[in-house]
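Numbering follows this note's numbering, with no gaps: position 13 of the sequence shown is 266.
To start, the structure under review is shown below, and the notes come after it.
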Amino acid sequence: MSEGQLPSNVHMLKPRTMSLSDRLDQFLEEHALAPSEIPVRRDPTRPKAPGINAIRCASCGQMEYLSRDHCRCGHYLRGQLEDEFLAWEGQIVELHERLTETVQLKLRKLRYFNLIGLPFVVLPLLFLTFFSEGLSLTPMVWVAVGIAVMGICARVEQRLREPVEASQRFLDSYTLETYLAERWQL
Ligand SMILES: [Zn+2]
Numbered sequence: 254m255s256e257g258q259l260p261s262n263v264h265m266l267k268p269r270t271m272s273l274s275d276r277l278d279q280f281l282e283e284h285a286l287a288p289s290e291i292p293v294r295r296d297p298t299r300p301k302a303p304g305i306n307a308i309r310c311a312s313c314g315q316m317e318y319l320s321r322d323h324c325r326c327g328h329y330l331r332g333q334l335e336d337e338f339l340a341w342e343g344q345i346v347e348l349h350e351r352l353t354e355t356v357q358l359k360l361r362k363l364r365y366f367n368l369i370g371l372p373f374v375v376l377p378l379l380f381l382t383f384f385s386e387g388l389s390l391t392p393m394v395w396v397a398v399g400i401a402v403m404g405i406c407a408r409v410e411q412r413l414r415e416p417v418e419a420s421q422r423f424l425d426s427y428t429l430e431t432y433l434a435e436r437w438q439l
């Protein structure tokens with residue numbers, strides 16, 4: 254009997270408390286405001302975080318100048334940066350693939366919709382060719398509807414393809430410098 258009451262209260266309260274504290278921790282971590290970070294930020298010989306010329310050493314957790322091959326703790330920063338670059342590279346390729354997949358799916362649906370426009374164009378033309386003696390207006394209206402449907406489809410398709418093409422251009426042109434410029438803003 255008491256089991257029915259207790260879990261309902263526990264479920265309401267516990268996850269909320271946890272999630273708030275987790276969020277706060279995450280916020281402090283992201284903004285480098287956690288107590289352990291304060292001495293690091295005050296060290297004038299270290300670069301400011303986050304910054305385009307700064308990298309956080311994976312070994313000691315302190316900020317170090319990007320131009321240095323080794324952190325002051327001896328950790329090989331060049332290797333760490335390369336690892337981070339490779340991970341980023343994998344991430345953007347994965348994002349591109351996911352985007353392409355989503356757009357392909359939408360394009361496939363759009364092609365079915367495009368087929369709806371086809372009979373509007375073809376049937377009146379057949380009618381005009383084989384059965385109509387004079388130039389009747391009604392079949393021409395149907396043709397116009399068909400062309401409008403197909404025109405809308407073509408425009409929607411173009412708009413759907415744009416982000417994929419932009420993403421592909423980025424994939425074709427990015428370099429390590431692109432990553433370095435974007436890295437600290439991520
Ligand atoms: Zn270090």
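Ideal Cβ positions, reconstructed from N, Cα and C, are used throughout, including at glycine.
{"Item": "Reference L330; option with closest CA among E347, R351, I308", "Value": "I308"}
{"Item": "Selection from S420, V374, Y427 that minimises the alpha carbon distance to E354", "Value": "S420"}
{"Item": "Cutoff 6 Å; reference H328; Cβ partners in own chain excluding five residues on either side", "Value": "C310, S312"}
{"Item": "L381 to P392 span [Cα, whole Å]", "Value": "7 Å"}
{"Item": "Three-state secondary structure assigned by DSSP to I308", "Value": "strand"}
{"Item": "Local Cβ density within 10 Å of G399, reported as buried at 16 or more and exposed below that", "Value": "buried"}
{"Item": "Cβ neighbour criterion (16 or more within 10 Å) applied to P300", "Value": "buried"}
{"Item": "Touch test, the region 331 to 346 against the region 429 to 436, Cβ-Cβ under 8 Å, three pairs minimum", "Value": "yes"}
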